[in-house]
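Right under this line is the structure:
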């Protein structure tokens, strides 16, 4: 048997138990006596049992009424506790957000984001995991994180955002230049100007994992070059040192150079044609209505990326 019970009925029965009559209970609750009596009758009809009976000039609780009154206090305390916790969350005095971001963001965007959140919302807790965009978007889809800071290259056929299932919302943050790293002694590095990708045919290339090299393949294909990939690493410092050792050339996002100084023997140049990628934050549809998530989105959108060589994406 399902018991059709509402919180207002609990409050009324509790007030009757405390005050001994419907009229005094109504005054205590701030309602009229007819309104309380009518609500009580409807509750008794739904439950199929009487909650009160007449007793002299007042009323007394029946056994079902006493059961309800006995639990009313703990129900009220639980509601008060729930209201308090919700107020803490809505007021951003507490809350937890789970964040994922790609490796080069770990040493640039993420630390500044976490510092900004601590200064503005010290009660918020942010858990963080480093993940490349395909993995981060999968974690977002599976509900393992609330937000994912990712990147995407224009025209990348392997862009994981295209395959992301379910409704998501994307906020563009920055445009990030892509540069070429090559040995200082390389003829194309000597004049300091942009390096034409079309002149890199026959070079040995250093590339990231197969899931992360789509842009390299697309950029080379666009200028008729088939890159010969001999070395594979996603570690930007390793890439720069391999380049400095004369072992190949590599495309690198500008963020990779924000905390990694090119070693002696490595040169970094712009590319021709120029190339860039977008950096964005991705959330489940409607997540901005959650105060803690909205707070993170607001702080990350306000970060100044010029220190890292990034251009902010205008927001409407």
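In my numbering, the protein residues as written are 1 to 316.
All C-beta atoms, glycine included, are put in the ideal place defined by N, C-alpha and C.
Classification of residue i by the beta-carbon crowding that lies within 10 angstroms, buried from 16 upward
i, result
"residue 284", "buried"
"residue 143", "exposed"
"residue 30", "exposed"
"residue 35", "exposed"
"residue 10", "buried"
"residue 209", "exposed"
"residue 230", "exposed"
"residue 154", "exposed"
"residue 271", "buried"
"residue 181", "buried"
"residue 277", "buried"
"residue 292", "buried"
"residue 132", "buried"
"residue 302", "exposed"
"residue 213", "buried"
"residue 248", "buried"
"residue 192", "exposed"
"residue 18", "exposed"
"residue 188", "buried"
"residue 286", "exposed"
"residue 273", "exposed"
"residue 176", "buried"
"residue 307", "exposed"
"residue 127", "exposed"
"residue 99", "buried"
"residue 253", "buried"
Simplified DSSP state of residue i, which is helix, strand or coil
i, result
"residue 213", "coil"
"residue 276", "strand"
"residue 194", "coil"
"residue 21", "coil"
"residue 132", "coil"
"residue 126", "strand"
"residue 245", "coil"
"residue 157", "coil"
"residue 187", "helix"
"residue 223", "coil"
"residue 305", "coil"
"residue 138", "helix"
"residue 116", "helix"
"residue 7", "helix"
"residue 15", "helix"
"residue 238", "helix"
"residue 144", "coil"
"residue 1", "Unreliable positioning characterises residue 1 in this predicted model, as indicated by a pLDDT of 47, which lies under 50. The coordinate reading is nonetheless provided below. If DSSP states are grouped into helix, strand and coil, residue 1 belongs with coil."
"residue 259", "coil"
"residue 290", "coil"
Any non-hydrogen atom of the ligand COA closer than 6 Å to residue i Cβ
i, result
"residue 58", "Among the components of this structure there are no ligands whatsoever, and the ligand COA is therefore not found."
Cross-strand partners of residue i (DSSP beta bridge)
i, result
"residue 182", "267"
"residue 204", "228"
"residue 149", "101 and 281"
"residue 253", "178"
"residue 171", "281"
"residue 295", "None; residue 295 has no bridge partner."
"residue 35", "Note: residue 35 sits in no beta bridge, so no partner."
"residue 311", "175"
Selected residue, minimal CA-CA separation from residue i, among the options
i, options, result
"residue 66", "23, 78 and 12", "12"
"residue 206", "50, 116, 261 and 244", "244"
"residue 135", "150, 125 and 15", "150"
"residue 7", "40, 23 and 33", "40"
"residue 200", "74, 250 and 21", "250"
"residue 63", "37, 49 and 103", "49"
"residue 129", "140, 120, 121 and 119", "140"
"residue 53", "28, 21 and 76", "21"
"residue 112", "215, 97, 300 and 99", "300"
"residue 14", "73, 280, 261 and 252", "73"
"residue 258", "25, 167, 179 and 233", "179"
"residue 152", "146, 145 and 170", "170"
"residue 33", "16, 174 and 46", "16"
"residue 184", "269, 305 and 228", "269"
"residue 294", "117, 235, 312 and 305", "117"
Short CB-CB distance (under 7 Å) between residue i and chain D
i, result
"residue 42", "Structure shown: chain D not included; a single protein chain is present."
If we require 4 or more residues per run, which alpha helix (DSSP H) segments fall completely within the region 39-113?
Here the runs fully enclosed are 63-90 and 103-106.
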